[in-house]
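In the numbering used here, the protein residues as written are 796 to 876.
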């Protein structure tokens, strides 16, 4: 059991982008992705998993084209894939 009674959704470290190439990284608005991931965190904390899944899909699709995002919840990192 985690301190504070919030379980695994308590205080978490911030999301971090792992840089790839300048061309690939320019294909996505990092602020938009960070906003989606933070909203997803809040939805998961509320146990609103439908909304959390929708936000995750939006984040994955953010770059558009043939690119996507790889999101790693445990390390709280994301990158263009």
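C-beta: ideal position from N, C-alpha, C; glycine also.
- Counting along the chain, residue 874 sits inside the beta strand (DSSP E) bounded by residues 872-875.
- Taking a cut-off of 8 Å on C-beta distances, the region 853-865 does not touch the region 838-845, as fewer than three cross pairs fall below it.
- Here the alpha carbon of residue 868 sits roughly 25 Å from the alpha carbon of residue 818.
- Secondary structure of residue 841 (DSSP, three-state): coil.
- For the 7 Å CB-CB criterion, residue 866 and residue 873 form a contact.
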